[in-house]
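Reviewing the structure listed below.
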Amino acid sequence: MVVLLLLTACATTAESPPSARADGKLTIATPYAIDDLDPITSGYWGVEFGYVELLMRASENGVPTPWVLSELAAVDGRTWRLKVNEGVTFVNGKPFDAKALAATLTWSAENQPGFSRSANFASAEVTGPLEVTLKTSEPTPTMPNLLADESNVLVMDVEAYKQHVASKKGAEALLNAGLYTGPYKVTSLDVKGAELAPVASYWQGRPALDGLSIRFVAEATSRMQAVQAGEADLALYMPVSAARTLRGRTDAYFLKGEPTGLVFGLISRVASPLMRDEAVRRAIYLATDYRAIAEEVLQGHVGHAKAVFPPGYPYTIETQTTDLNRAASELEAAGWTAGEDGIRQRDGRRLVIRIICTPSMPDGVTIATAMQSQLKKAGIEVKVVQVDDHSAARDGEDWEVSLSSSLLSFGGSPDQALSELLASGGTNNYAKIADDELDAHITELGRTSDEKRRTAILGQIQRLVWDRGYYAVAAQRLLTVVVGPALQGYRVPVPNLWIDHKTAPAT
Numbered sequence: 001m002v003v004l005l006l007l008t009a010c011a012t013t014a015e016s017p018p019s020a021r022a023d024g025k026l027t028i029a030t031p032y033a034i035d036d037l038d039p040i041t042s043g044y045w046g047v048e049f050g051y052v053e054l055l056m057r058a059s060e061n062g063v064p065t066p067w068v069l070s071e072l073a074a075v076d077g078r079t080w081r082l083k084v085n086e087g088v089t090f091v092n093g094k095p096f097d098a099k100a101l102a103a104t105l106t107w108s109a110e111n112q113p114g115f116s117r118s119a120n121f122a123s124a125e126v127t128g129p130l131e132v133t134l135k136t137s138e139p140t141p142t143m144p145n146l147l148a149d150e151s152n153v154l155v156m157d158v159e160a161y162k163q164h165v166a167s168k169k170g171a172e173a174l175l176n177a178g179l180y181t182g183p184y185k186v187t188s189l190d191v192k193g194a195e196l197a198p199v200a201s202y203w204q205g206r207p208a209l210d211g212l213s214i215r216f217v218a219e220a221t222s223r224m225q226a227v228q229a230g231e232a233d234l235a236l237y238m239p240v241s242a243a244r245t246l247r248g249r250t251d252a253y254f255l256k257g258e259p260t261g262l263v264f265g266l267i268s269r270v271a272s273p274l275m276r277d278e279a280v281r282r283a284i285y286l287a288t289d290y291r292a293i294a295e296e297v298l299q300g301h302v303g304h305a306k307a308v309f310p311p312g313y314p315y316t317i318e319t320q321t322t323d324l325n326r327a328a329s330e331l332e333a334a335g336w337t338a339g340e341d342g343i344r345q346r347d348g349r350r351l352v353i354r355i356i357c358t359p360s361m362p363d364g365v366t367i368a369t370a371m372q373s374q375l376k377k378a379g380i381e382v383k384v385v386q387v388d389d390h391s392a393a394r395d396g397e398d399w400e401v402s403l404s405s406s407l408l409s410f411g412g413s414p415d416q417a418l419s420e421l422l423a424s425g426g427t428n429n430y431a432k433i434a435d436d437e438l439d440a441h442i443t444e445l446g447r448t449s450d451e452k453r454r455t456a457i458l459g460q461i462q463r464l465v466w467d468r469g470y471y472a473v474a475a476q477r478l479l480t481v482v483v484g485p486a487l488q489g490y491r492v493p494v495p496n497l498w499i500d501h502k503t504a505p506a507t
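Each residue of the sequence shown is one higher than the one before, counting from 1 in UniProt numbering.
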């Protein structure tokens, strides 16, 4: 008997825009290159461009809906019933049935550490032709969110992938493996881009596009110019400066989405000798002017960050404030005194921090540069360090603050992101935060189903990370794109689900 949650759908899809091309094809320009089709290293890209699917679909309100699943039901605190839509097949023609679903869940738990830890995975057992019973070792109330996250469980042919690994062939062999269930399949892939073709046997009907091209274009201006020249129909991850550039033009248009949990996050590398000082960490975030970043620096194209979670979420509390006087007094009390040039020092060491950011993230460099000016008023010198490979840079030691991460997963789960980013030993805890009290809150959250209690725990976590200077949000980020004339009606989707089978040419 179902007692907690029941989510059902015959087949759900996101709203899709028309295409800008009369030939039934679409070209997208993105700054991020896809290396291969391997589900471990690059599979998440496929979700964004229509050749990989997920069991659940993320939504703007944080409550996922069924996608390849027709039903996800909580039977009790540690048992979930999953049902697959009828007729789902991989590109290679094999069915995605209960057996394939159980194999996918088990493989994901074995090969995706974040999913295994967050889902408390115990077992997946076939209990019907299209039904699997999923058992967890602890209550996992955010299972719908976990199954809507591109980093956790991809709908894939595990058997075919294992055969590929055993063959010891290169990743290029995966082009012909037909591993996934999406409406499109990748027919070619190189350093410049990818070509995709529709899958005629797709389980929700023939896809609307006759072809899809993805171009890897690192420079934002070049992506915008490609749209203006008619060489691309949709340019992704655009800086807000494009809005001003395109104002009044009719060859390209700047569009933005709604707040969905994406942020320009700020995280403190507590392993840095300088950042071990809690007063320094707090002062950095107290001296940051969040209103000015949103309204003046980025001209209202981002949200004013008053909290680490999106406004309107039931557990969001406003913790973030700007207080230069308090920042200065805390630094003074900690022994940081102003030098002749206004920059503070202690024991002969200047108060200098490095903020790392990547040009491929829209407006990250702009925010870091604004913080450079703002923090100087509190006597903190900021060096803005631009890195091409942000992940590699975070793993190093040459930074004090990183500008990138969110405390919500792509599936909308705070539990997984907190566990991975802020918990001791978390898979993405590159800041080396180790706080017993914070760990206890995160552990309790992951085991708690009662919404009232979860809200209380999340409130404690939000206050703690602010009070101890672990994390803040510089701005609530909105997805921004540039489109051609026939895509003026494009509805910017929930994070990164750019293409689905309904994306259609203009009429």
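Ideal Cβ placement from N, Cα and C applies to all residues, glycine included. Here the structure is a predicted model, which means the values were calculated and not measured.
If I measure Cβ to Cβ from residue 5 and keep anything under 8 Å in the same chain, skipping five residues before and after, which residues do I get?
Its pLDDT being 43, under 50, residue 5 is placed unreliably by the model, and the measurement read from it follows with that caveat. The answer, listed in chain order, is 72, 73, 74 and 144.
Does the segment 360-376 touch the segment 473-485, meaning 3 or more C-beta pairs lie closer than 8 Å?
In the pairwise beta carbon analysis, the segment 473-485 is classified as touching the segment 360-376: at least three pairs are separated by under 8 Å.
Report all residues from its chain with a CB closer than 8 Å to the CB of residue 113; omit the five preceding and five following residues, and keep chain order.
427.
In chain order, what residues of the same chain lie with their CB nearer than 6 Å to the CB of residue 423, ignoring the 5 residues before and after it?
Correct list, in chain order: 439 and 442.
Pick helix, strand or coil for residue 58, following the three-state DSSP scheme.
Three-state result, residue 58: coil.
Nearest residue (CA-CA) to residue 321, options 333, 283 and 162:
It is 283.
Contact set for residue 227: own chain, Cβ-Cβ below 6 Å, skip 5 residues either direction
Beyond the five residues adjoining it in sequence on each side, residue 227 comes within less than 6 Å, by CB distance, of 235, 252, 482 and 484 in the same chain, given in chain order.
What residues in its chain sit with their C-beta under 7 Å from that of residue 525, if we drop five residues either side in the sequence?
Here the chain covers residues 1 to 507 and nothing more, so residue 525 does not appear.
Measuring alpha carbon to alpha carbon, tell me which of 232, 278, 273 and 285 ends up nearest residue 487.
If we check each option's Cα against that of residue 487, 232 comes out closest.
DSSP on residue 127, reduced to helix/strand/coil?
Note: residue 127 maps to strand in three-state DSSP.
Rounded to the nearest angstrom, what separates residue 173 and residue 160 at their Cα positions?
Taking the straight line joining both Cα atoms gives about 11 Å.
Please report the distance separating the alpha-carbon of residue 450 from that of residue 460.
Their backbone Cα atoms lie some 16 Å apart in a straight line.
Take the Cβ of residue 167 as the centre, count every other Cβ of all protein chains shown within 10 Å, and call the residue buried at 16 or more, exposed below.
It is exposed - the Cβ of residue 167 has fewer than 16 other Cβ atoms within 10 Å.
Cutoff 6 Å; reference residue 289; Cβ partners in own chain excluding five residues on either side
Taken in chain order, the residues that qualify are 322 and 374.
In the segment 219-250, which residue ranges form an unbroken beta strand (DSSP E) of at least 3 residues, counting only runs that do not cross its ends?
Counting only unbroken stretches of 3 or more residues, the beta strand (DSSP E) elements lying wholly within the segment 219-250 are 234-236, in sequence order.
For residue 63 and residue 146, what's the separation of their Cα atoms in angstroms?
Going from the Cα of residue 63 to the Cα of residue 146 covers about 11 Å.
Could you give the uninterrupted runs of the alpha helix (DSSP H) lying entirely in the segment 307-338, keeping only those of 4 residues or more?
Qualifying alpha helix (DSSP H) stretches, in chain order: 324-333.
For residue 265: DSSP bridge partner residues:
DSSP lists 473 as the bridge partner or partners of residue 265.
Exposed or buried, what is residue 333 when buried is set at 16 or more other beta-carbons lying within 10 Å of its beta-carbon?
By the neighbour-count rule (16 or more Cβ atoms within 10 Å), residue 333 is not buried but exposed.
Can you tell me which of the three DSSP states residue 71 falls into?
Strand at residue 71.
Of all the beta strand (DSSP E) runs that stay within the bounds of the segment 131-171, which reach a length of 3 or more residues?
Those beta strand (DSSP E) runs which fall completely within the segment 131-171 and span 3+ residues are 131-136.
Report the rounded CA-to-CA distance for residue 94 versus residue 65, giving the unit in angstroms.
Cα-Cα distance, rounded: 25 Å.
When 206, 378 and 294 are compared against residue 343, the one with the closest alpha-carbon
Comparing Cα positions, the closest option is 378.
Looking at the secondary structure, which residues open and close the alpha helix (DSSP H) in which residue 416 lies?
According to the DSSP assignment, residue 416 belongs to the alpha helix (DSSP H) that extends over 414-421.
Which residues share a DSSP beta bridge with residue 30?
Its beta-bridge partners are 216.
In whole angstroms, what is the alpha-carbon distance linking residue 277 and residue 400?
Here the alpha carbons of residue 400 and residue 277 stand approximately 12 Å from one another.
Cβ distance (whole Å) where residue 406 is taken to contact residue 178 below 8 Å:
The Cβ separation is near 33 Å, so there is no contact.
Residue 411 versus residue 127: straight-line alpha-carbon distance, rounded
Those two C-alpha atoms are separated by around 26 Å.
Reducing DSSP to helix, strand and coil, say where residue 180 ends up.
Of the three classes helix, strand and coil, the one that applies to residue 180 here is strand, per DSSP.
Output yes or no for whether 9 Å exceeds the beta carbon distance between residue 154 and residue 104.
Annotated as proximal: residue 154 and residue 104, with beta-carbon spacing under 9 Å.
Relative to the C-alpha of residue 291, which residue among 367, 328 and 272 is closest?
If we check each option's Cα against that of residue 291, 367 comes out closest.
Whole-number beta carbon distance between residue 24 and residue 210, since they are thought to touch under 8 Å
About 4 Å; that satisfies the 8 Å criterion.
Under 6 Å Cβ to Cβ from residue 35, same chain only, skipping five residues before and after it: list those, please.
Excluding positions up to five away in sequence, the list reads 42.
Among the candidates 60, 125 and 300, whose CA atom is the shortest distance from the CA of residue 81?
If we check each option's Cα against that of residue 81, 125 comes out closest.
Does the segment 306-322 touch the segment 237-256, meaning 3 or more C-beta pairs lie closer than 8 Å?
For the pair of segments examined, the segment 237-256 was found not to touch the segment 306-322: the number of CB pairs separated by less than 8 Å stays below three.
Can you find the residues in the same chain that come closer than 8 Å, C-beta to C-beta, to residue 138, ignoring five residues on each side of it along the sequence?
In its chain, beyond the 5 residues on either side, 78, 120, 446 and 447 have a beta carbon closer than 8 Å to the beta carbon of residue 138.
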